[in-house]
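Enquirer: A single structure is presented below for examination.
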Amino acid sequence: MKAIGSGAPACDVVGLQHHPPDDDRGPAVSCDNWKADLNAAVRGARARISGHGKIEHFWHAKLVTTALAAFGDEQRADFYIEVLPPQGDVPRPDLIVVHPELGCMVIENKGLALKDIVRVDGQQLEVLRNGRSKLEDPFAQSEKVVWRLRDQLTRRVQRAMMFVNTAAMPAVTRSDFEGAFDIKWPTHALFADDLASPDTFAVKLRSIAESTRKRAGKRKVWSPLAAKELRRIINGTSFLFPPRLDHLDDDQGLLGDQIQKLENMDKNPTRLQRDIGTRDLRGAHRLFRGVAGSGKSLMLALNAARTLMELDKGERVLVCCFDKTLVPFLRQNIEDRHACLG
62 MKAIGSGAPA
72 CDVVGLQHHP
82 PDDDRGPAVS
92 CDNWKADLNA
102 AVRGARARIS
112 GHGKIEHFWH
122 AKLVTTALAA
132 FGDEQRADFY
142 IEVLPPQGDV
152 PRPDLIVVHP
162 ELGCMVIENK
172 GLALKDIVRV
182 DGQQLEVLRN
192 GRSKLEDPFA
202 QSEKVVWRLR
212 DQLTRRVQRA
222 MMFVNTAAMP
232 AVTRSDFEGA
242 FDIKWPTHAL
252 FADDLASPDT
262 FAVKLRSIAE
272 STRKRAGKRK
282 VWSPLAAKEL
292 RRIINGTSFL
302 FPPRLDHLDD
312 DQGLLGDQIQ
322 KLENMDKNPT
332 RLQRDIGTRD
342 LRGAHRLFRG
352 VAGSGKSLML
362 ALNAARTLME
372 LDKGERVLVC
382 CFDKTLVPFL
392 RQNIEDRHAC
402 LG
């Protein structure tokens with residue numbers, strides 16, 4: 062039996078089904094060639110994908126490859142995988158899918174075999190990692206990210222975006238898991254049964270999204286504007302854009318609509334701004350000079366957020382400015398950059 066990655070179960074555990082690459086259910090994920098299979102799925106997808114190159118374990122690759130085969134054809138969709146881009150500060154679980162049919166779905170993946178689980182208490186797992194017992198709650202982990210993303214998004218737009226959080230256990234079947242621990246897990250949890258094929262996975266996730274939509278009384282689960290703003294939040298560039306809680310329709314042709322379009326034009330920090338914004342300035346004095354509108358206040362907010370990241374829990378940062386009207390702007394930008402760090 063060959064193990065894949067640190068602590069990952071072997072490939073012949075229950076729940077993995079192999080099928081030929083030309084099967085109409087989508088690409089298989091083989092034990093020996095999972096990186097090649099993952100890269101092929103990424104190349105074949107039309108969606109935007111971030112972070113797949115950092116996947117290190119087979120069961121994580123299994124989840125992402127199946128998700129791409131099921132939903133990757135949608136060019137409006139985004140797949141975010143665990144790691145942070147250079148300018149991003151939002152902590153990510155193993156997979157975030159932003160899709161017109163699903164809304165924003167946050168999935169925490171646990172590639173655990175039954176032998177790795179000591180006990181299950183409600184939604185909390187006691188697992189063995191490197192010979193040590195550890196408590197983990199995958200639902201709480203994914204829910205924490207959902208609340209942070211929702212909080213950030215509602216500050217900026219009020220358009221539809223449904224959030225769903227769940228946990229995946231791709232190495233075991235539901236019946237084996239629930240039978241071993243005499244427990245019933247939430248119906249929206251994902252098991253090996255649900256990842257048996259892209260078709261099965263797609264049916265399961267659409268069912269989760271639809272039941273969540275009905276329970277929340279929502280008419281829509283996704284809007285292009287909300288998806289665009291959410292993309293900025295996850296990528297760590299939302300602080301560059303002025304928040305607006307009300308947006309005009311694009312076909313209004315009004316002056317306000319034209320102003321909003323100008324405000325929301327894509328903006329990117331310069332190389333110097335990126336360098337300053339990511340530099341550790343603790344214990345140092347720096348003077349930023351520039352004309353009005355050159356981004357000095359943004360750099361101040363960015364450095365305050367970055368400093369908070371480096372400090373011990375409970376330590377605070379004092380930000381001073383010359384004008385009371387600047388305080389809300391600085392506070393908003395610092396929160397936009399830092400609030401999702403936890």
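In the numbering used here, the protein residues as written are 62 to 403. Even glycine gets a Cβ: it sits at the ideal position worked out from N, Cα and C.
1) Going by CA-CA distance only, name the one from 384, 258, 365, 100 that's closest to residue 377.
2) What ranges does the alpha helix (DSSP H) occupy inside the segment 134 to 213, keeping only unbroken runs of at least 4 residues that lie completely in it?
3) With distance defined between alpha-carbon atoms, name the residue in 371, 344, 382 nearest to residue 359.
4) Could you pull the start and end residues of the alpha helix (DSSP H) that residue 262 belongs to?
5) Excluding sequence positions up to five away, which residues of its chain have a Cβ less than 7 Å from the Cβ of residue 83?
6) Given that a residue counts as buried once 16 or more other Cβ atoms are within 10 Å of its Cβ, and exposed if not, what is residue 367?
7) Would you kindly check if the distance between the Cβ of residue 163 and the Cβ of residue 270 is under 8 Å?
8) How many Å lie between residue 177 and residue 166 at the Cα?
9) How many angstroms separate the CA atom of residue 363 from the CA atom of residue 123?
10) In this structure, does DSSP put residue 226 in helix, strand or coil?
11) Take residue 219 as the anchor and find which of 130, 349, 283, 371 has the nearest alpha-carbon.
12) Can you name the residues that DSSP bridges to residue 111?
13) Let me check understanding here. Comparing Cα to Cα, which of 138, 254, 188, 246 lies closest to residue 160?
14) Which residue from 157, 191, 158 puts its Cα closest to that of residue 173?
15) With three or more C-beta pairs closer than 8 Å as the rule, is the segment 109 to 123 touching the segment 242 to 252?
16) Whose C-alpha, out of 229, 214, 225, 237, is nearest the C-alpha of residue 273?
Expert: Taking the coordinates as given:
1) 365
2) none
3) 382
4) 259 to 277
5) A caution first: residue 83 carries a pLDDT of 34, below 50, which makes its placement in the model too unreliable to give a value.
6) buried
7) yes
8) 26 Å
9) 37 Å
10) strand
11) 283
12) 141
13) 138
14) 191
15) no
16) 225
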